[in-house]
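Asker: Let me give you the structure first, and then I'll get to my questions.
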Amino acid sequence: MLYLIGLGLGDAKDITVKGLEVVRRCSRVYLEAYTSVLTVGKEVLEEFYGRKLILADREEVEQEADNILKDADISDVAFLVVGDPFGATTHSDLILRATKLGISYRVIHNASIMNAVGCCGLQLYKFGETVSIVFWTDTWRPESFFDKVKKNRQNGMHTLCLLGKGLGVSSESRYGGVVLFS
Ligand SMILES: C[S@@+](CC[C@H](N)C(=O)[O-])C[C@H]1O[C@@H](n2cnc3c(N)ncnc32)[C@H](O)[C@@H]1O
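As structure tokens, this is what we get:
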């Protein structure tokens, strides 16, 4: 069985009880560490979960998915995702591959930035398209987010802007954070 387990948004203790039980009994546990990061690092998670974690970077997940799925038909493998596994990110490719290989999967949900943004007091019903804003380099300066924010404003909707690596407010990770337009 392949388990996709959400870790929530804060620290090691945000995993659900159900998620923790699964993590503790899986034969291998992967930590997806490129779409988002927690405030604590891998070592802190390992200590709290009582398990060694295997870091899975984008390349491994996208190109070496078969390594992750190896033997998942006869043993349990966990794939940990910060927030919710389907919040502002999808791992549908991994699920499609698992299904093709006859491997069953389960999703254990958790809080996501997509709903935690409700803490600002704005109605989640009134959000338009979410946008990502990435750190500009000399050669890569995507600005499509601007038109989307503009469109949301014209439609009377708020915009959740997810800030990419390098734009974060945390001095430790410099990753993440959000900006809202309403
Ligand atoms: C690609 S999304 C993945 C979201 C994650 N799967 C979830 O469900 O929350 C990652 C972005 O969400 C935002 N984000 C994630 N966790 C956050 C947090 N705890 N505080 C503020 N922003 C966060 C950041 O903008 C980060 O770059």
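Position one of the sequence shown corresponds to residue 121 (our numbering), numbered consecutively onward.
Built from N, CA and C at the ideal position, the CB exists for glycine as well.
Per DSSP, which residues does residue 278 bridge with? Please list them.
Answerer: Answer by DSSP bridge pairing, in chain order: 247.
Asker: Looking only at C-alpha atoms, which of 203, 231, 243, 149 sits nearest to residue 63?
Answerer: Residue 63 lies beyond the stretch modelled for the chain, which goes from 121 to 302, so this question has no answer here.
Asker: Look up residue 160 in the DSSP assignment and give the residues it is bridged to.
Answerer: Answer is none; residue 160 lacks a bridge partner.
Asker: Could you check whether the Cβ of residue 209 sits closer than 7 Å to any heavy atom belonging to ligand 1?
Answerer: Within the cutoff, so yes.
Asker: I need the straight-line Cα distance from residue 155 to residue 211, nearest angstrom please.
Answerer: Cα-Cα distance, rounded: 11 Å.
Asker: Looking at the secondary structure, which residues open and close the alpha helix (DSSP H) in which residue 189 lies?
Answerer: Counting along the chain, the alpha helix (DSSP H) containing residue 189 begins and ends at 185-189.
Asker: In chain order, what residues of the same chain have a beta carbon less than 8 Å from the beta carbon of residue 132, not counting five sequence neighbours either side?
Answerer: Closer than 8 Å at the Cβ level, and outside the excluded window around residue 132, lie 158, 160, 164, 165, 167, 168, 169.
Asker: Find out if the Cβ-Cβ distance for the pair residue 121, residue 213 is shorter than 8 Å.
Answerer: Not a contact, by the Cβ cut-off of 8 Å.
Asker: Are residue 310 and residue 300 closer than 8 Å when you measure CB to CB?
Answerer: Here the chain covers residues 121 to 302 and nothing more, so residue 310 does not appear.
Asker: Going by other Cβ atoms of all chains shown within 10 Å of its Cβ, with 16 needed for buried, is residue 125 buried or exposed?
Answerer: Buried, by the Cβ-count rule.
Asker: Kindly indicate which residue of 152, 193, 245, 233 has the alpha-carbon position closest to the one of residue 221.
Answerer: That would be 193, whose Cα lies nearest to the Cα of residue 221.
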